[in-house]
Structure formats: structure tokens, C-alpha cells
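Since the structure comes first, as C-alpha cells, the remarks are kept for the end.
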Amino acid sequence: MRIDRFQIALSCYQEALKILEDNIDYHHLADMYRKMNNVYKKLDHFDEANLFETLANEIDQEYGLPFTPDDQTLKKHQYELKYKNDLTSNQRARHLYSIGLCYIRKRDYSQALENLSQAEQLYKTNRSPDTPSFNTFATLYDNLALVYLFLNDDLKALTMWKKALDIRAHIPVT
Numbered sequence: 001m002r003i004d005r006f007q008i009a010l011s012c013y014q015e016a017l018k019i020l021e022d023n024i025d026y027h028h029l030a031d032m033y034r035k036m037n038n039v040y041k042k043l044d045h046f047d048e049a050n051l052f053e054t055l056a057n058e059i060d061q062e063y064g065l066p067f068t069p070d071d072q073t074l075k076k077h078q079y080e081l082k083y084k085n086d087l088t089s090n091q092r093a094r095h096l097y098s099i100g101l102c103y104i105r106k107r108d109y110s111q112a113l114e115n116l117s118q119a120e121q122l123y124k125t126n127r128s129p130d131t132p133s134f135n136t137f138a139t140l141y142d143n144l145a146l147v148y149l150f151l152n153d154d155l156k157a158l159t160m161w162k163k164a165l166d167i168r169a170h171i172p173v174t
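In C-alpha cells, the structure reads:
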């Protein structure tokens, strides 16, 4: 059943790839190549995975669209979190969230989960006027779902995506 889902995802990505190749949007094209790379890895098709990773890296080099881990950004957020004593809970949560995103890009999913979960708890327990918007919460849950998926915890991934969908369903329309 899990293989079937990956095959369906791969089919959808291939259709999207046809559209992107016709429109020459290099940023999205590189992103799509990376997604296909990840699916092929999950299917243990490493030759295809390497091909799409190479294609994405070539686009990054030629068009200046790096999608590599940004260690400087990671260190900046870690430094501010550790040494700035006057941070509000929401500022701390934003730094933890950014650190979590850096770890996702580095493919260190356990560290990503730790930081994103801490951000979620801070946001939930310290509601104030500077608490992020509904959409930010939905995106946080999307990222938690992605991390759980990479950690092979499908049930928790689905739970997080449901939270994201529930939040988006209740966002006031302006």
C-alpha cells in the first residue's frame, strides 16, 4: 500500500514536471526534481533519484537558486536563541521554527522535529497579540507532518496534516 502511494505521488510529480518544463520556472523545476528524487529514494530506485538530484543541482548552479543547507542561518538562530535574554516566547518560538526548517533542509529530521515541536508548544502556551497568524500555524503543522513522514511515522504525519487543514478551514476570509 505504501508503494502505491509513492507511485501515485510520482505520477502527480511527473504531470507537474511536464507543466513546469513548458513554463520554464527554474525555481519550481528544481524543487520538483528534489521531490521526485525523494520519492525515488523511498522506492529504492537510486539511479533515478541520483538523476533528479543532479538535475536540481545543475539548475541551482546555473540559475543561482541554491537549495543547500544554510549553516549561517542555522548558527544565527541558534546564537540568538542561546544568548539573547530578552526574547519573548513568540520570538523564541520563531527562532526554534527557523532552526527546525534548517534541519529539514539538512535532512536531520529528528532535530527538526525537536525544534518544530518546541516552537509549537511555545506558540500554543503563550498566546499574545504577536502570536503568528493562523496560516503560520497551518504551515508549522505542514512542516511537522513532513518531518513525521520522513521519520516513517505516517499516522502522526496524517494527524499534523489534519491539524493544518482544520486551521485553514477556519481562517477568516477578508
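Going by full-length UniProt numbering, the first residue of the sequence shown is number 1, and it counts up by one from there. All residues carry an ideal CB built from backbone N, CA and C; glycine is no exception. Note that this is a predicted model, so its numbers are computed, not measured.
Check whether the Cβ atoms of residue i and residue j sit closer than 8 angstroms, and answer yes or no.
{"i": "LYS144", "j": "GLN118", "result": "The sequence shown places Leu at residue 144, not Lys. Not in contact: LEU144 and GLN118 (Cβ atoms no closer than 8 angstroms)."}
{"i": "LEU74", "j": "ALA93", "result": "no"}
{"i": "TYR109", "j": "LEU151", "result": "yes"}
{"i": "ALA112", "j": "ALA138", "result": "no"}
{"i": "ASN85", "j": "GLY100", "result": "no"}
Hey, quick one: how far does the alpha helix (DSSP H) through residue i stretch, first residue to last?
{"i": "LYS82", "result": "71 to 83"}
Once the 5 residues before and after residue i are set aside, which same chain residues still bring their CB inside 8 angstroms of it?
{"i": "PHE67", "result": "Residue placement at PHE67 is poorly supported in this model, since its pLDDT is 47, which falls under 50; the coordinates are not used for a value here."}
{"i": "PHE46", "result": "TYR40"}
Leaving aside the five residues before and after residue i along the sequence, list all residues of the same chain whose C-beta is less than 6 angstroms from its C-beta, in chain order.
{"i": "ASP142", "result": "ALA164"}
{"i": "LEU43", "result": "PHE6"}
{"i": "SER98", "result": "HIS77"}
What residue from the options has the CA that sits closest to residue i's CA?
{"i": "GLU53", "options": "LYS42, ASP166, ASN37", "result": "ASN37"}
{"i": "THR125", "options": "SER89, LYS162, GLU80", "result": "SER89"}
Kindly list the residues whose CB is nearer than 7 angstroms to the CB of residue i, restricted to its own chain and excluding five residues on each side of it in sequence; keep chain order.
{"i": "GLU48", "result": "TYR40"}
Checklist entry - Of all the beta strand (DSSP E) runs that stay within the bounds of the region 90 to 174, which reach a length of 3 or more residues? => result none
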